[in-house]
Amino acid sequence: MDPTTGSTVRTAGLVRQFRTGSERLTAVDDVSLTIAPGSVVALTGPSGSGKSTLLHLIGAIERADQGTVTVDDVEVTALGRADLARYRQRVGFVFQRYHLLPALTVLDNVVAPMLPRRGRADHAARARELLDAVGLAGRERALPAQLSGGQQQRVAIARALMGAPRLLLADEPTGNLDSATGAQILDLLLDLRDRHGMTIVLATHERAVAARCDRLVRLGDGRVVEDEDLTGGEDPADTFDRASRLRL
Ligand code: ADP
Ligand code: MG
134 MDPTTGSTVR
144 TAGLVRQFRT
154 GSERLTAVDD
164 VSLTIAPGSV
174 VALTGPSGSG
184 KSTLLHLIGA
194 IERADQGTVT
204 VDDVEVTALG
214 RADLARYRQR
224 VGFVFQRYHL
234 LPALTVLDNV
244 VAPMLPRRGR
254 ADHAARAREL
264 LDAVGLAGRE
274 RALPAQLSGG
284 QQQRVAIARA
294 LMGAPRLLLA
304 DEPTGNLDSA
314 TGAQILDLLL
324 DLRDRHGMTI
334 VLATHERAVA
344 ARCDRLVRLG
354 DGRVVEDEDL
364 TGGEDPADTF
374 DRASRLRL
């Protein structure tokens, strides 16, 4: 895989409202953020503060009511159907409950997002490499139910990497795991960022997880109420360059 520095993500005046009966709720309320390439950003805040909705807007699996999302030089909020589908294929998504298909083997779960496309043998070879990278070599033929929660999340991460994303969005990726297993999943995400230079935006309730990210963005009622740099002024892209140099 070519090392890259990951995507730059910009949101400007982003708003998403939901109507329930006669009520109108503003789930994401005027959020403007610039996320540096190769950084790992924690979205925190209480339940209902808009973390998932913001991730969905960045990943274009929900539409914005106002404002823009721009990823690298592409204004995602202005894309038409076909371009949107292509954009979504290039963003990795990881969920709290893994969302694996229970009847498919580990290998087939990882290959699944690529199935409408040609070249099944190539996809399977790549899936094996990714399963190796997430620490699951040898478990290709297992079914999800035969794996622990942490292992299932590793499968979900391998699946999210199939499209070689420069942007990975993770919604409470450690939320179903005990803290030691959650820490290992975060180790894996940070290691993948160092090796492949992705930008990662993850929603989390857990302080221990947020504290290890490069930046903490706290939401309250859909607004950014705190935005803290945790790198001590270090450019995440520098961390990446150093990491890749060390490996050469
Ligand atoms: P978080 O992930 O921080 O818990 P969410 O983004 O899921 O927050 O939700 C933000 C607010 O938007 C909540 O009040 C939630 O109830 C509401 N909401 C989210 N999705 C929908 C939806 N599809 N329909 C109606 N309300 C929604
Ligand atoms: Mg949520």
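Mind the numbering: the sequence shown is residues 134 to 381 in the working numbering, read in order.
Glycine included, each C-beta is placed from N, C-alpha and C at the ideal position.
All of these numbers come straight from a predicted model, not from anything done at the bench.
Buried versus exposed, by CB contacts within 10 Å (16 or more), Gln279 | exposed
Give the range of the alpha helix (DSSP H) segment to which Ser185 is assigned.
-> Lys184 to Ile191
Could you give the C-beta distance for His256 and Val239, rounded to a whole number, given that I count them as a contact under 8 Å?
-> That pair is no contact at about 14 Å.
Give the straight-line distance between the Cα atoms of Met134 and Arg157, rounded to the nearest whole angstrom.
-> Residue confidence is low: Met134 scores 33 on pLDDT, short of 50, so the model does not pin down where it sits. Its coordinate-derived value is still stated next. Distance between the alpha carbons of Met134 and Arg157: 45 Å.
Which term fits Ser185, buried or exposed, when burial requires 16 or more other beta carbons within 10 angstroms of its beta carbon?
-> buried
For Ala169, the three-state DSSP class (helix, strand or coil) = coil
Just mark Arg375 as buried or exposed, buried being the case when its beta carbon has 16 or more other beta carbons within 10 Å.
-> Residue confidence is low: Arg375 scores 47 on pLDDT, short of 50, so the model does not pin down where it sits. Its coordinate-derived value is still stated next. It is exposed - the Cβ of Arg375 has fewer than 16 other Cβ atoms within 10 Å.
Would the beta-carbon of Leu352 fall within 8 Å of that of Ser182?
-> yes
Closest by CA to Ala211, which one among Val224, Gln222, Gly225 and Arg196?
-> Arg196
Are Val161 and Leu147 touching if we call contact CB-CB under 8 Å?
-> yes
Could you check how far apart the C-beta atoms of Thr314 and Gly282 are, in whole angstroms? I think they sit under 8 Å.
-> 7 Å
Span of the beta strand (DSSP E) holding Leu352?
-> Arg348 to Gly353
Please list, in chain order, all residues of the same chain as Thr364 whose beta carbon is under 7 Å from its beta carbon, the five residues on each side excluded.
-> Asp347
Apart from the five residues on each side of it in sequence, which residues of its chain come closer than 8 Å, Cβ to Cβ, to Val142?
-> Leu166, Thr167, Ile168, Ile191, Val202, Thr203, Val204, Leu300, Thr332 and Val334
Go through its chain and collect everything with a Cβ distance to Arg230's Cβ below 8 Å, but skip five positions before and after it.
-> Asn309
Between which two residues does the beta strand (DSSP E) carrying Val357 extend?
-> Arg356 to Asp362
Report the option in Asp362, Glu361 and Val357 whose CA atom is closest to the CA atom of Thr187.
-> According to the sequence shown, residue 187 is Leu rather than Thr. When each option's Cα is compared against that of Leu187, the closest is Val357.
Taking the alpha-carbon positions, what's the Glu359 to Gly178 distance?
-> 10 Å
Straight-line Cα distance separating Leu321 from Leu276 | 22 Å
Any heavy atom of the ligand MG closer than 7 Å to the CB of Glu305?
-> yes
What is the residue span of the alpha helix (DSSP H) that Ala126 lies within?
-> A query on residue 126 cannot be resolved here, the shown segment of the chain reaching from 134 to 381 and no further.
So, is Arg380 buried or exposed, given that buried needs 16 or more other C-beta atoms within 10 angstroms?
-> Reliability of the predicted coordinates at Arg380 is poor, the pLDDT of 37 falling under 50, and no value is obtained from them.
Ile194 by DSSP, collapsed to three states: which one?
-> coil
Consider the C-beta atom of Leu323 and the heavy atoms of the ligand ADP; say whether any pair is separated by less than 7 Å.
-> no
Determine, using beta carbons only, whether Leu233 and Ala270 come nearer to each other than 8 Å.
-> no
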